[in-house]
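Undergrad: Could you have a look at this structure, given as structure tokens, before my questions?
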Amino acid sequence: MTKQDLKPPLFAVRFLTWLIAPHLLESILGDMQETFDQNAKRLGKRKAQWMYWSEMPGYIKPEFIRRKQNTYQSSPIISHYMIRNYFKIAIRNFRNNKAYTLINVIGLTLGLACCVLVFFTVRYELSFDAHHKDIGQVYRLLRYTKERGDKGLATGIPLPVLDALKNDFPALKNQIACTYALKGTLVTVEQEGNKKKFDEDYYAIAFVGPEYFRLLNYEWIKGSPEASLTNPGSVVLSEKQAERYFGKADPMGKTIRINNQKDFVVSGLIADPPATTNFPFTTLISFSSLKDYGAYTNWDDWASSYGGGQMYVKLPQSMNQADFEKQLTGFNKKYYDAKAAAETSFILQAVNDIHFDNRTSNYAGRTISKGMIWTMVLVGSFILIAACVNFVNLATAQAIRRSREVGVRKVLGSTRFQLLRQYFSETAFITVLSVLLALIASQLALPYVASVLNIPAQGVMFISDPVVLAFMFALVVITTILAGFYPAMVLSGFQPILALKGKVKTGGSGQAHLRRSLIVLQFTISQVVLIGTVIAYNQMQYFQTMDLGFEKDEIVNITIPESDFAKMESLKSRLASETGIRSMSQSQFTPMSQSNWQTGFKYENDTEFLNFEIVMRPADTAYVHTYGMEMAAGRMYLPSDSIREYVVNEAFVKAMGMKRPQEIIGKRMAIGGSDYKFPIVGVIKNFNTYSLHREIIPCVMTTLKGNYSKMGIKLSAHSDKNLLSRIEKVWSSVYPDYLFKYTFYDETLNSYYSKEEKLFSLFRILAGIAVFIGCLGLYGVVAFMVESRTKEMGIRKAIGATAFNIFGLFSIDFVKLVVIALVIASPVAWYGMSQWLQDFTYRISISWWMFAVTGIVVIFIALITISFQSVKAALMNPVKALRSE
672 MTKQDLKPPL FAVRFLTWLI APHLLESILG DMQETFDQNA KRLGKRKAQW MYWSEMPGYI
732 KPEFIRRKQN TYQSSPIISH YMIRNYFKIA IRNFRNNKAY TLINVIGLTL GLACCVLVFF
792 TVRYELSFDA HHKDIGQVYR LLRYTKERGD KGLATGIPLP VLDALKNDFP ALKNQIACTY
852 ALKGTLVTVE QEGNKKKFDE DYYAIAFVGP EYFRLLNYEW IKGSPEASLT NPGSVVLSEK
912 QAERYFGKAD PMGKTIRINN QKDFVVSGLI ADPPATTNFP FTTLISFSSL KDYGAYTNWD
972 DWASSYGGGQ MYVKLPQSMN QADFEKQLTG FNKKYYDAKA AAETSFILQA VNDIHFDNRT
1032 SNYAGRTISK GMIWTMVLVG SFILIAACVN FVNLATAQAI RRSREVGVRK VLGSTRFQLL
1092 RQYFSETAFI TVLSVLLALI ASQLALPYVA SVLNIPAQGV MFISDPVVLA FMFALVVITT
1152 ILAGFYPAMV LSGFQPILAL KGKVKTGGSG QAHLRRSLIV LQFTISQVVL IGTVIAYNQM
1212 QYFQTMDLGF EKDEIVNITI PESDFAKMES LKSRLASETG IRSMSQSQFT PMSQSNWQTG
1272 FKYENDTEFL NFEIVMRPAD TAYVHTYGME MAAGRMYLPS DSIREYVVNE AFVKAMGMKR
1332 PQEIIGKRMA IGGSDYKFPI VGVIKNFNTY SLHREIIPCV MTTLKGNYSK MGIKLSAHSD
1392 KNLLSRIEKV WSSVYPDYLF KYTFYDETLN SYYSKEEKLF SLFRILAGIA VFIGCLGLYG
1452 VVAFMVESRT KEMGIRKAIG ATAFNIFGLF SIDFVKLVVI ALVIASPVAW YGMSQWLQDF
1512 TYRISISWWM FAVTGIVVIF IALITISFQS VKAALMNPVK ALRSE
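Under the numbering used here, the first residue of the sequence shown is numbered 672, with each subsequent residue one higher.
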């Protein structure tokens, strides 16, 4: 029997271990083990185990069980003394390495500030319409033209669709709503006996019914949907709008006048909608008032639509989007002829997707793709990673300086865990300091970032926002781990004997490769963002210089608020006498506009609508001359107050399958719900009717004086500075009850790309920060290399090396790393920007020189950064260099 087989009963040993006081346990178990061994040799194993059990009851006594009171207070894992010690050591190390500490703090501060601002932006964008209770069940109805793909989605729905939907889907009758929003509206109210006029330039006013509030949630302060918005002539205001119109007075029962046409009585008050909504209505008029007020399209016209007239439906939980769209297929076939039903259809768009769908517009005029949001998150994360890379690079580079400290601590008994804890605490200290500075920096930068991204930021204080503070705490933890883990592992892993002898090497191949890899990572991030910025800049320049098919410079647009023919002629004749005006034209839309009238048409002998829609441009005969457009064939239509003749564009000719513009001259067509066909007398060269996000589509021009709402005025190149004030004076004398408004057409067109322009500005800043952080790290690493190779530089200079040789010695390796980073960054940037450019029908080609320019710029910046330290080394006195330790 071996010694391993002679063991006392395991359960008995465990019982005694649990029962006996710890300070007596070792001696008692030792005595019992000795007795057990003697009995086993003399009597055998079985009798020895039985005797072991028989001795156990003798120890079940208070003197053996009672625990001895500990006279010493146990030390917690982390005490305040330890924290204070770590703090003192950290301060001492920071004081001894001021330059490296400053580089780390600046880099982390910039990275963390970017993260805070990106978090603020992403949080804002993702919160759109999240306040509505059942928003996941609410959908917007879209009209989809299959032939045009993603470009064929229209938000405007013909008005007769509303009653037809309610009739064909009785179960959803109270869950279907139409919002008919007005833009550029004049509101007149009485304040203390005086008339006040307010210009509502955006979609602030909408006609809605009580069912609208069954789909979306509003807080009612006074009134209710059924009581306030059922009867014609009633209106509901938001709190701020009511205060704007009537001050502190009670708005209930007061009257507002819309566009000097109709009066509406305030019958309810609601809380202000949040900024994060696609329904920014502050004045809600009863939908039953729309017929009396007058819609832009006829109530029996199934072909025409207005972009502000949209329809929404709330589906029950038992029905999903696909099920209802199948039913809409039958609905489409019922109300449209076979040809139209085959080419177009009704589809649903989830309301909580509206803000993220660049293919369609919305009342808020703000969309951002989820891809762009994730791009912002990635860029912010990459900048933080770049800052952490600086920390890792500099910490590992400086490790040799602290090797003796590590050796002494290990000799005195420090464990690796304790060293890890100390170095992590130092990293956490720098991170917390950087976070505090980042909060200040991001708060200072917030107004600019908010203005660039058009985000309301008044009263926003990051320090008092619990969500931001929680995010900052998470950043502290993540950054401490990212930046501190590897340096702490390196430092705590030094062998004490080698460390005390100063034979620790941090320049080994492994760590050298790591530092180079991290520098490549930094400059890859920088160059991806920089290449993207260069491509975005060129796309913006392309927008500015592209031939649109019309002139946009030196044109002022003013409003025509009434369709009073006599006043329109009076305005035109009185302005004609003003010097500095070259030409004038009255129209419903400018050539390129965000407001459009799309409709169907019948051609020649057809009794059914053709399979594509046209965009209308009603205008007088001076339109072509004023906007510098050119005819391709035929002539301009003759002056008329109503439709008599048509002019179409080249895209219309192509859509009809004709090769030459002359072929369509003399053909007849009817637009919208009309059956009266009139001749096509001319073809105009293609011009962009929508922004450059969309292609040129078939367009029809005609006279329709009752629809004219704008006047375009072409100014002379050297017109009088007071000309605009004279125009205003003439206009105000003709329309005294309205507010004068004017816009320069080139500025209006530039605003169509404000979203891209603002994002370009933001990414330009982020690119600068990424490059700056990369250069900070490069500066620190070069400084360390110069310091650690001082004696080598002295020897090189002593044997004849020139300053240029030494500069090249430090520069060539880092230039190689920048070039490697460019090679990695180029395909990444090319793919990302190619996807971004897909949003534009008219876009630039990504050329090789964009990558080359970026690489040259970054190499130049890197060389300047390197030169600060390498030139210093090159000019160093070799005698002093050789004496250095």
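Where is the CB? At the ideal position from N, CA and C, for every residue including glycine.
How is the beta strand (DSSP E) around glycine 1383 delimited, first residue to last?
TA: That run of the beta strand (DSSP E) goes 1381 to 1386.
Undergrad: Check whether the segment 1102 to 1117 touches the segment 1017 to 1025, counting contact only when three or more Cβ pairs, one atom from each stretch, lie closer than 8 Å.
TA: Not touching, per the Cβ criterion.
Undergrad: Should the segment 941 to 954 be regarded as contacting the segment 895 to 914, the criterion being three or more beta carbon pairs within less than 8 Å?
TA: At 8 Å Cβ cutoff, the stretches touch.
Undergrad: Taking 8 Å as the cut-off, decide whether the C-beta atoms of proline 1127 and aspartate 972 are in contact.
TA: Cβ distance not < 8 Å, so proline 1127 and aspartate 972 don't count as in contact.
Undergrad: Within 10 Å of its beta-carbon, does histidine 1026 have 16 or more other beta-carbons around it, so buried, or fewer, so exposed?
TA: Looking at its Cβ environment, which holds 16 or more other Cβ atoms inside 10 Å, histidine 1026 is buried.
Undergrad: What is the residue span of the beta strand (DSSP E) that asparagine 865 lies within?
TA: Segment 865 to 871, the beta strand (DSSP E) holding asparagine 865.
Undergrad: What residue range does the beta strand (DSSP E) around isoleucine 1229 cover?
TA: Counting along the chain, the beta strand (DSSP E) containing isoleucine 1229 begins and ends at 1226 to 1230.
Undergrad: For methionine 1287, which beta-bridge partners are listed by DSSP?
TA: Paired residue(s): Trp1268 and Val1371.
Undergrad: Which one of Tyr795, Gln846 and Phe884 has the shortest CA to CA distance from valine 1120?
TA: Of the candidates Tyr795, Gln846 and Phe884, the one whose C-alpha sits nearest the C-alpha of valine 1120 is Tyr795.
Undergrad: Could you give the first and the last residue of the continuous alpha helix (DSSP H) run that contains phenylalanine 970?
TA: In the sequence as displayed, the identity of residue 970 is tryptophan instead of phenylalanine. Element bounds for tryptophan 970: n/a, residue is neither H nor E.
Undergrad: Decide if the segment 1331 to 1341 is in contact with the segment 1301 to 1313; the criterion is three or more beta carbon pairs, one per stretch, under 8 Å apart.
TA: The segment 1331 to 1341 vs the segment 1301 to 1313: in contact.
Undergrad: Answer with buried or exposed for methionine 1521, where buried requires no fewer than 16 other C-beta atoms within 10 angstroms of its C-beta.
TA: Buried, by the Cβ-count rule.
Undergrad: State the DSSP-derived secondary structure class of glycine 1305, mapped to helix, strand or coil.
TA: Three-state DSSP puts glycine 1305 in a strand.
Undergrad: Provide the residue span of the alpha helix (DSSP H) that contains arginine 1602, from first to last.
TA: Because the chain spans 672 through 1556 in this model, residue 1602 falls outside it and cannot be assessed.
Undergrad: Compare the beta carbon distance of leucine 900 and histidine 803 with 8 Å and say whether it is the shorter of the two.
TA: Taking 8 Å as the Cβ cut-off, leucine 900 and histidine 803 do not qualify as a contacting pair.
Undergrad: How big is the Cα-Cα spacing for threonine 1151 and glutamate 890?
TA: One C-alpha to the other measures close to 44 Å.
Undergrad: Excluding the five sequence neighbours on either side, which residues of its own chain have a C-beta within less than 6 Å of the C-beta of glutamate 1279, listed in chain order?
TA: So the qualifying residues of the chain are Asp1008 and Lys1010.
Undergrad: Just the C-alpha distance for isoleucine 1202 and valine 1191, rounded to the nearest angstrom, thanks.
TA: Approximately 16 Å, taken between the alpha carbons.
Undergrad: Just the C-alpha distance for tryptophan 721 and alanine 692, rounded to the nearest angstrom, thanks.
TA: So the two alpha carbons sit approximately 24 Å from each other.
Undergrad: Of all the CB atoms in chain D, is at least one closer than 8 Å to the CB of isoleucine 1515?
TA: Any reference to chain D falls outside this structure, which holds one protein chain only.
Undergrad: What did DSSP end up calling valine 1131 once you bin it into helix, strand or coil?
TA: Three-state result, valine 1131: coil.
Undergrad: So, serine 1403 versus glycine 1251, is the Cβ gap smaller than 8 Å?
TA: No, Cβ-Cβ distance for serine 1403 and glycine 1251 is not below 8 Å.
Undergrad: Whose CA, out of Glu897, Thr1031, Ile1039 and Phe1478, lies closest to the CA of lysine 1429?
TA: Ranking the options by Cα distance to lysine 1429, first place goes to Ile1039.
Undergrad: Leaving out five residues on either side along the sequence, give the residues of the same chain with a beta carbon under 7 Å from the beta carbon of alanine 1492.
TA: Here the set comprises Val1191, Phe1194, Thr1195 and Gln1198.
Undergrad: Just curious, the beta strand (DSSP E) that arginine 1253 is in, first and last residue?
TA: It spans 1252 to 1258 - the beta strand (DSSP E) in which arginine 1253 sits, taken as one unbroken run.
Undergrad: Are alanine 852 and isoleucine 876 closer than 8 Å when you measure CB to CB?
TA: Result yes, Cβ atoms of alanine 852 and isoleucine 876 sit closer than 8 Å.
Undergrad: Check for me: the alpha helix (DSSP H) holding glycine 939 runs from which residue to which?
TA: Element bounds for glycine 939: not the alpha helix (DSSP H) but the beta strand (DSSP E), 933 to 941.
Undergrad: Which same chain residues end up closer than 6 Å to threonine 1102 when comparing Cβ atoms and leaving out the 5 residues on each side of it in sequence?
TA: Taken in chain order, the residues that qualify are Val1147, Thr1150 and Thr1151.
Undergrad: To the nearest whole angstrom, what separates the beta carbons of threonine 1292 and isoleucine 1342, a pair I think is in contact under 8 Å?
TA: In fact, because the Cβ distance is near 19 Å, the residues do not count as touching under 8 Å.
Undergrad: Classify tryptophan 689: buried if its beta carbon has 16 or more other beta carbons within 10 angstroms, exposed otherwise.
TA: That one is exposed.
Undergrad: Between the alpha carbons of glutamate 1249 and leucine 1219, how many angstroms are there, rounded?
TA: Computed Cα separation, rounded: 29 Å.
Undergrad: Measuring only the C-alpha atoms, how far is aspartate 963 from aspartate 1408?
TA: Roughly 21 Å between the two C-alpha positions.
Undergrad: Here's the rule: buried if 16 or more other CB atoms are within 10 angstroms of the residue's CB, otherwise exposed. What is glutamine 709?
TA: Under this definition glutamine 709 is an exposed residue.
Undergrad: Looking at the strands, I want to know which residues DSSP matches up with threonine 816.
TA: Answer by DSSP bridge pairing, in chain order: Thr1015.
Undergrad: Let me check one thing: in DSSP terms, what residues is methionine 982 bridge-paired to?
TA: DSSP, once it has assigned bridges, lists Cys849 as partnering methionine 982.
Undergrad: Under 6 Å Cβ to Cβ from serine 798, same chain only, skipping five residues before and after it: list those, please.
TA: So the list reads Thr947, once near-sequence residues are dropped.
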